[in-house]
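Working notes for the structure below.
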Amino acid sequence: MATKGEHNALERFFGSVATAVIAQAACNVWIVPEEASFERIDIIAYASDLKEADPYHIWEVGKLLEPFSPIIHCVHVNVKGSVEGAIDFASLGAFFEHHAPSLQINFHPLAGQSVIEALEEFIDTYEVDMLVMYAPQHNWFERVFYKSHTRRMALEAHVPLLIIKK
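So the mapping is simple: my numbering equals the position in the sequence shown, first residue as 1, plus 239.
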């Protein structure tokens with residue numbers, strides 16, 4: 240699915256067609272910004288929220304993109320000013336060393352004022368070819384009042400965005 244990247248205030252409030260598909264689709268969704276161009280998928284950033292399902296989603300991404308043999312950078316942004324997730328990343332690293340040694344995975348706990356800004360800076364710094372985010376199903380109330388990082392990235396990303404569902 241392609242996005243144009245041009246969004247007025249009304250569209251930012253209610254969302255675009257791409258964000259509606261992300262919210263409603265039961266399958267994975269690939270969002271490609273209009274200005275994005277790439278030949279290979281060598282470097283991936285997986286935006287982690289350090290939930291229990293992250294190892295499964297990271298493994299799923301590795302399996303899905305296995306033909307490309309990408310380097311997967313798992314990134315967690317802590318907006319409270321510290322990088323407390325380092326211990327969790329150590330556990331994840333040990334898990335993948337034993338259960339999926341063929342995956343090339345690096346872990347990056349970051350601190351920042353904004354998850355979106357930190358992800359965009361990481362994408363630029365590491366020359367990321369694709370961003371991967373997990374989007375859980377939200378009920379109507381959550382969709383209206385919850386600030387979704389996935390939705391914001393779908394509207395603002397300059398690299399392809401793979402949304403993992405379930």
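Ideal Cβ placement from N, Cα and C applies to all residues, glycine included.
- [ ] Please check the pair Tyr285 and Val371, which I expect to be a contact at CB under 8 Å, by giving their CB distance rounded to whole angstroms.
- [x] 5 Å
TODO: Per DSSP, which residues does Trp269 bridge with? Please list them.
DONE: Leu401
- [ ] Name the two residues that bound the continuous beta strand (DSSP E) containing Leu370.
- [x] 369-373
Task: Given 8 Å, three or more beta-carbon pairs between the stretch 295-311 and the stretch 343-353 - done: Enough Cβ pairs lie closer than 8 Å, so yes.
Open item on the list: Determine whether the beta carbon atoms of Val318 and Val354 lie at a separation below 8 Å.
Closed with: yes
Open item on the list: Tell me the residue span of the alpha helix (DSSP H) that contains Pro294.
Closed with: 293-303
Open item on the list: Looking at Leu358: is its Cβ nearer than 8 Å to the Cβ of Asp327?
Closed with: no
Open item on the list: Output needed for Cys266: all residues of its chain with C-beta closer than 8 Å, excluding positions within five of it in sequence on either side, in chain order.
Closed with: Lys404
Open item on the list: I need the boundaries of the beta strand (DSSP E) containing Val314, first residue and last residue.
Closed with: 310-317
Open item on the list: Using DSSP's beta-bridge definition, name the partner residues of Ala396.
Closed with: Paired residues: none, contrary to the question.
Open item on the list: I need the straight-line Cα distance from Thr364 to Ala264, nearest angstrom please.
Closed with: 31 Å
Task: alpha helix (DSSP H) runs wholly inside the stretch 336-368, at least 4 long, in chain order - done: 354-365
TODO: For the beta strand (DSSP E) holding Ile280, just list the boundary residues, first then last.
DONE: That residue, Ile280, is in no beta strand (DSSP E); it is neither H nor E in DSSP.
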